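Inspection log for the structure reproduced underneath, given as structure tokens.
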Amino acid sequence: PTPERMKSVDFSNNYHKIVQSLIVRTEDKDKYKTIDDFKGKKVAAQKGSTQQDFIKEKMPGSEFKGLSKVTDIVLDLKNKKVEAAVLEEPIAKAYVSKNPDLAISDVDVKGNENGYAIAIKKDNKELLDSINKTLDRLTKDGSINKFMEEMVKEEAE
Numbered sequence: 270p271t272p273e274r275m276k277s278v279d280f281s282n283n284y285h286k287i288v289q290s291l292i293v294r295t296e297d298k299d300k301y302k303t304i305d306d307f308k309g310k311k312v313a314a315q316k317g318s319t320q321q322d323f324i325k326e327k328m329p330g331s332e333f334k335g336l337s338k339v340t341d342i343v344l345d346l347k348n349k350k351v352e353a354a355v356l357e358e359p360i361a362k363a364y365v366s367k368n369p370d371l372a373i374s375d376v377d378v379k380g381n382e383n384g385y386a387i388a389i390k391k392d393n394k395e396l397l398d399s400i401n402k403t404l405d406r407l408t409k410d411g412s413i414n415k416f417m418e419e420m421v422k423e424e425a426e
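Just so you know, the sequence shown maps onto residues 270 to 426 in our numbering.
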């Protein structure tokens, strides 16, 4: 949750950590060593996503290309319409595992970890406490991780 969004709604505890990955064509993997190597290059991500924010904030000088679907982002990368794509790490790994012409870049994009949380109407402490209690239980028993893994598998198919 961004500080801006926290002004208008309350958020549950984070229930899943998001780590970003930068994917490139395998043939170009050695071409990009640092974030600065993407200056003047098109980099894709989903419109309105934390990945879009990452590109705009951490990759100054690169040209953001926003698309609605991850599948379209991957196709644009494969078809050389963009030079790289920023995706959540599990999704990036799933696509790379199914596409030998794609690779996760060695460029360091760490330090941009966020998390998923549930937004609720401000000042509803009873509901927030109930949601947090349920999220804690689902995190401890592994249900959330299992669900996220299934979601990622479906995304890459």
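For glycine and all other residues, C-beta sits at the position ideal for the given N, C-alpha and C.
If you're wondering where the values come from, they're calculated on a predicted model, not measured in any experiment.
- Taking residue 334 as the centre and dropping the five residues before and after it, the same chain places the C-beta of 311, 313, 351 closer than 6 Å to its C-beta, in chain order.
- Its chain contains 278, 279, 280, 281, 396, 397, 400 as the residues whose beta carbon lies nearer than 8 Å to that of residue 389, once the 5 sequence neighbours on both sides are disregarded; these appear in chain order.
- In the three-state reduction of the DSSP assignment, residue 284 falls in the coil class.
- DSSP places residue 311 inside the beta strand (DSSP E), whose first and last residues are 311 to 315.
- With 16 or more neighbouring CB atoms inside 10 Å of its own CB, residue 357 falls in the buried class.
- Here DSSP, grouped into helix, strand and coil, assigns residue 301 to coil.
- In this structure, the beta-carbon distance from residue 295 to residue 372 falls below 7 Å.
- With a threshold of 16 other beta carbon atoms within 10 Å, residue 359 meets it and is buried.
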